[in-house]
Structure formats: structure tokens, C-alpha cells
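First residue of the sequence shown? That's 239 in the numbering used here, and the numbers climb one at a time after it. C-beta atoms are modelled at their ideal positions from N, C-alpha and C, and glycine is treated no differently. Everything numeric in this text was worked out from a predicted model, so none of it was measured.
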Amino acid sequence: MNKNRRRVYEGKAKILYEGPEPGTLVQHFKDDATAFNKQKHQIIEGKGVINNRISEFVFNRLNEIGVPTHFIRRLNMREQLIREVEIIPLEVVVRNVAAGSLSKRLGLEEGAALPRSIIEFYYKSDELQDPLVSEEHITAFGWATPQELDDIMALALRVNDFLSGLFLGIGIRLVDFKMEFGRLYEGEMVRVVVADEISPDSCRLWDVQTNEKLDKDRFRRDLGGLVEAYQEVARRLGILTEQDQRERKRPVLVKTDR
Ligand code: TMP
239 MNKNRRRVYE GKAKILYEGP EPGTLVQHFK DDATAFNKQK HQIIEGKGVI
289 NNRISEFVFN RLNEIGVPTH FIRRLNMREQ LIREVEIIPL EVVVRNVAAG
339 SLSKRLGLEE GAALPRSIIE FYYKSDELQD PLVSEEHITA FGWATPQELD
389 DIMALALRVN DFLSGLFLGI GIRLVDFKME FGRLYEGEMV RVVVADEISP
439 DSCRLWDVQT NEKLDKDRFR RDLGGLVEAY QEVARRLGIL TEQDQRERKR
489 PVLVKTDR
């Protein structure tokens, strides 16, 4: 790994470095966990490694079903190679079940099924603490064009349907999740693609049987056991860590009675 590579951007949980070729970046997953716009901050050892793997898994599945994403491939335990995109300054949240800020804002009981999936937009701004905005704000202020917004909503619903099924298959309810989108410039063409990460940091994932939280709410609400919960998600998705794989390949001493 080139230690002198240029750092392009550092966020709360990830760092972007320049990539090996023009138009590529390296996305590095840190162990930092933050909540409430960084008022709460903790290093949780191992979180970055698991999120790198889970996000790799999700983005590979999305690429396979023809959802365009920035993801190219995972490079190592903490890093993945991605296409450089121009991030659209929106956090796009899709909700299937009432929870979190929606429950608070509208007085809905956490866990209540919503009449249908709901898309919300938040304007990405740390100073303003990511305020909820409407489509009118987005197009009027030019954060995205009406055509881009149509593409974003269609992609968000498609990803929601796909991921809801994927997680339900392993006994997990996708309560809600956050996505980010970017503009990918390909010659004369510009396309909207899914960017950033999709991991237990950016989703609410509840065990179908017990409603146990398997996501970052464990940190936000001081429930403990965050890494164990993320590991459980990875295990159910069939993702082995590299350490597990090394251990599996190691020769095993066969015990005999003699
Ligand atoms: P909320 O209920 O707090 O608005 O969160 C909705 C979803 O978005 C939830 O799955 C967590 C995720 N999320 C992020 O990924 N980043 C954020 O900064 C916030 C506030 C929420």
C-alpha cells in the first residue's frame, strides 16, 4: 500500500484516498463511531473491517442486479476501490417501519409498520445537522435536477425492495436505511450511481424473531455489543473474515487414540 498517497477527503467513519488510476479512489473504513453529529464519538475496534466486508457484499449484489454503484472491488481488510463520483449532497433515507427520527417527529410507536415505504431527503450539512428537506428544496436550490431526483427515487426503491428480501432471507428486518448517490462522469455521459456505504452503520436491522437491534442504534442508545451484532449480520450473510478464512485453511491436527 502506498503510504504517501494523497488524502482526498476525511469523514467521520471513512477516508478517501486517490486511487491507482485516474477516476478511481480508495475508500478506507475507520473504527470511529459517531452519533448526533459527532457529539458522541468512540473508537470501536474491528468495526471498520466488518463494515468494509458487509458493504462490499451489498454493493456486489447491487452491481449483479444492474443497480449502478461506485463500487469496483475490495482491496484489503479496510479498503475498497471505488469510482470517483461527485457526491449529491443528500442523505436519502428509505423507511419500512417507524423508528428513530420519524417516530420522534410524528409520534409513531417504534416498530409500527408504515402504510408503504417512505423516502425522505436530508441535506448533507454538518453545520445545519442534516436538515430534512423536500423535493422542492432540492430542485429549487439545484442540489439535484428533477431528472436526477427521479432516478434517485427509482433506485432507492429498487435497492429497498432488493435488500428487504435479502435480509428477510436471513431473519433480519430492514427497518430503514440511508443511501448516498453520486454523479459518475463517463465522457459526455453523466449517470446517477449509488455511492458511500451500506452497512449496519447506515441501516436499522432488527432480528425478525426477537427484534434485537443489529445496527448502530446499539451505539447511539448505549446498548453495547456493537461489534458482536455486526459480526452476526456478517455471519448470516455468509461473509467470513479473512482471519476466519486463514484459520480454516490452517492444517488441523488429527487426534487419534494411539
Ligand atoms: P433517523 O431515524 O435517525 O433519521 O435515521 C434513519 C436511517 O438513516 C437509519 O437507518 C440510520 C441512518 N442514518 C445514517 O446513516 N446517518 C445519519 O447521520 C443518520 C441521522 C441516520
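Is residue i a contact residue of the ligand TMP, with contact defined as CB to any heavy atom under 7 Å?
{"i": "R411", "result": "no"}
{"i": "V428", "result": "no"}
{"i": "L366", "result": "no"}
{"i": "K416", "result": "yes"}
{"i": "A337", "result": "yes"}
{"i": "V331", "result": "yes"}
{"i": "R459", "result": "no"}
{"i": "R421", "result": "no"}
{"i": "S440", "result": "yes"}
{"i": "L340", "result": "yes"}
I'd like to confirm the pairing. Which residues does DSSP put opposite residue i in its beta bridges?
{"i": "G420", "result": "I325 and V431"}
{"i": "Y360", "result": "E329 and L370"}
{"i": "V287", "result": "BP columns for V287 are empty, so no partner."}
{"i": "K278", "result": "A273"}
{"i": "A351", "result": "V335"}
{"i": "R411", "result": "W444"}
Throw me the rounded Cβ distance for the residue i and residue j pair, which I believe falls under 8 Å.
{"i": "L319", "j": "T262", "result": "6 Å"}
{"i": "L352", "j": "R333", "result": "6 Å"}
{"i": "L313", "j": "V264", "result": "7 Å"}
{"i": "F297", "j": "I436", "result": "7 Å"}
Let me make sure I understand the geometry here. Which of the options has the alpha-carbon closest to that of residue i?
{"i": "T383", "options": "R316, I326, Q265 and H266", "result": "I326"}
{"i": "A506", "options": "E365, S355, V471 and R299", "result": "Lying outside 239 to 496, the shown extent of the chain, residue 506 is not represented and no answer is given."}
{"i": "G409", "options": "M427, L443 and I292", "result": "L443"}
{"i": "A467", "options": "E450, F309, M315 and F419", "result": "E450"}
{"i": "L366", "options": "K276, E348, P260 and V246", "result": "K276"}
{"i": "I310", "options": "E283, G257, F359 and S341", "result": "G257"}
{"i": "R473", "options": "I292, K493 and T448", "result": "I292"}
{"i": "D388", "options": "E373, A337, L401 and N398", "result": "E373"}
{"i": "K362", "options": "I281, D434 and V446", "result": "D434"}
{"i": "R245", "options": "E259, P260 and H266", "result": "H266"}
{"i": "Y423", "options": "R243, T307 and V446", "result": "T307"}
{"i": "W440", "options": "Q447, D453 and Q385", "result": "It is worth fixing the name first, because residue 440 is Ser in this sequence and not Trp. Ranking Q447, D453 and Q385 by Cα distance to S440 puts D453 first."}
{"i": "P369", "options": "V471, L491, V397 and F274", "result": "F274"}
{"i": "H375", "options": "S339, L328 and L401", "result": "L328"}
{"i": "L300", "options": "G403, G249 and L344", "result": "G403"}
{"i": "H279", "options": "G286, D270 and K285", "result": "D270"}
{"i": "V305", "options": "A392, W381, Y255 and A378", "result": "A392"}
Are the CB atoms of residue i and residue j nearer to each other than 8 Å?
{"i": "I288", "j": "V465", "result": "yes"}
{"i": "L461", "j": "F295", "result": "no"}
{"i": "V323", "j": "K416", "result": "no"}
{"i": "V397", "j": "V432", "result": "yes"}
{"i": "F400", "j": "I253", "result": "no"}
{"i": "V335", "j": "R459", "result": "no"}
{"i": "G284", "j": "R316", "result": "no"}
Measuring only between beta-carbons, confirm whether residue i sits less than 8 Å from chain D.
{"i": "S363", "result": "Absence of chain D from the displayed structure is noted, only one protein chain being present."}
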